[in-house]
Amino acid sequence: MFVSTAWAQQQDEEAYRREFNYGINFNSNGGLIGGGMIKASQYLKPNWSKFWGLEIVEVKHPKEKGNRVFSQETGNSFIFGKSNYLYALRPHYGREYVFFRKAPESGVQVNGIFAGGPTIGLLVPYYIVYDYSSYTGPRPGGQTDYRTEQYDPIKHDSNERIRGNAGFLSGFGQTNFNLGLHAKGGLSFEYGRYREDVTGVEVGFLLEAYPKKMILVPRANNTSLFSSVYLILYYGRRK
Numbered sequence: 001m002f003v004s005t006a007w008a009q010q011q012d013e014e015a016y017r018r019e020f021n022y023g024i025n026f027n028s029n030g031g032l033i034g035g036g037m038i039k040a041s042q043y044l045k046p047n048w049s050k051f052w053g054l055e056i057v058e059v060k061h062p063k064e065k066g067n068r069v070f071s072q073e074t075g076n077s078f079i080f081g082k083s084n085y086l087y088a089l090r091p092h093y094g095r096e097y098v099f100f101r102k103a104p105e106s107g108v109q110v111n112g113i114f115a116g117g118p119t120i121g122l123l124v125p126y127y128i129v130y131d132y133s134s135y136t137g138p139r140p141g142g143q144t145d146y147r148t149e150q151y152d153p154i155k156h157d158s159n160e161r162i163r164g165n166a167g168f169l170s171g172f173g174q175t176n177f178n179l180g181l182h183a184k185g186g187l188s189f190e191y192g193r194y195r196e197d198v199t200g201v202e203v204g205f206l207l208e209a210y211p212k213k214m215i216l217v218p219r220a221n222n223t224s225l226f227s228s229v230y231l232i233l234y235y236g237r238r239k
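Throughout the sequence shown, residue numbering follows full-length UniProt numbering, covering 1 to 239 in sequence.
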């Protein structure tokens, strides 16, 4: 009876040949929210599927944490010492194996996943607004000299003259593209109530490498090799 039920359950699950998910990425190299992902899976054989995916995340330097400074003049903030953003676009291909299959409308399904592919690293200049005004003492109106420039801790050596960051999109016109590689492995825990709905959590470890160092904070130790622990909350549909 148990064997018959399990076989029927597996056959029912395998009636769904394709799956599409999207989700939010949290990782140890990101901020509050690391980025987003999409994933398309296709059934291969019992317990196995293949998938294609794309992740877009921001990679931060450890020295950025706790280094946010606020301008007394404007109230705007900037990251002390930061000269570049790093955004990683990660197209990848992988396989997924079902370790434990959940009941049709209850329980948790546990899958193992591994994937890899190229990384397109977008190194985007981090711009600030710097006050070059030559006044001293009280600051009369109309005599300010504010300039938007890529943050250079050596050139912009007075925090009191930094009026904050220049905005998220300021440096995209000078983006530098870097090609790297990445690989990841982990477990996914699916707990969707209905068989056609997919809801779950993926946790794992990712390793990423570039041919040269990615300079994010010039006065700190920068690297070409990044490792992170990640968590993805995802939702999707299968058919």
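Cβ atoms here follow ideal geometry from the backbone N, Cα and C, with glycine treated the same way.
- Contact between the stretch 121-134 and the stretch 168-177 is established, with three or more Cβ pairs separated by less than 8 angstroms.
- With fewer than three CB-CB distances shorter than 8 angstroms, the stretch 59-67 does not count as touching the stretch 92-101.
- With a cutoff of 8 angstroms on beta-carbon distance, L231 and V201 are scored as near each other.
- When the beta-carbon positions are compared, R163 and V129 come within less than 8 angstroms of each other.
- In this structure the stretch 52-60 does not lie against the stretch 70-77, because fewer than three pairs of beta carbons, one per stretch, are closer than 8 angstroms.
- In this structure, G236 keeps its C-beta atom at 8 angstroms or more from the C-beta atom of H182.
- Under the DSSP definition of a beta bridge, P211 lacks any partner.
- With a beta-carbon spacing of about 7 angstroms, V229 and N27 fall inside the 8 angstroms limit used to define contacts.
- Ranked by how close their Cα comes to the Cα of W48, the residues N111, Y210, H92, N222 have N111 in first place.
- In this structure, DSSP gives P118 an extended state, which the three-state scheme calls strand.
- Annotated three-state conformation of P62 is helix, per DSSP.
- In the structure shown, the three-state DSSP call for G185 is strand.
- F205 sits in a strand when the DSSP states are folded into three classes.
- Close CB contacts of G192 within its chain, under the 6 angstroms cut and outside five residues either way in sequence, are with V198, T199 (chain order).
- Note on geometry: alpha-carbon atoms of Y43 and S83 lie some 45 angstroms from one another.
- Looking at the backbone, the Cα of Y151 and that of G34 are separated by about 23 angstroms.
- For K39, the enclosing beta strand (DSSP E) covers residues 35-45.
- Taking C-beta separations shorter than 8 angstroms and ignoring five residues to either side along the sequence, the partners of Y22 in its chain run G36, M37, I38, K39, Y234, Y235, G236, following chain order.
- By the CB criterion at 8 angstroms, A166 and Y127 fall inside the cutoff.
- Around L207, the same chain offers A183, S227 as residues with beta carbons nearer than 6 angstroms, after the five sequence neighbours per side are excluded.
- When rounded, the separation of the alpha-carbon atoms in L32 and F78 is 17 angstroms.
- For G173, the secondary structure class from DSSP, reduced to helix, strand or coil, is helix.
- Taking the C-beta atoms as reference points, A209 is found no nearer than 8 angstroms to H61.
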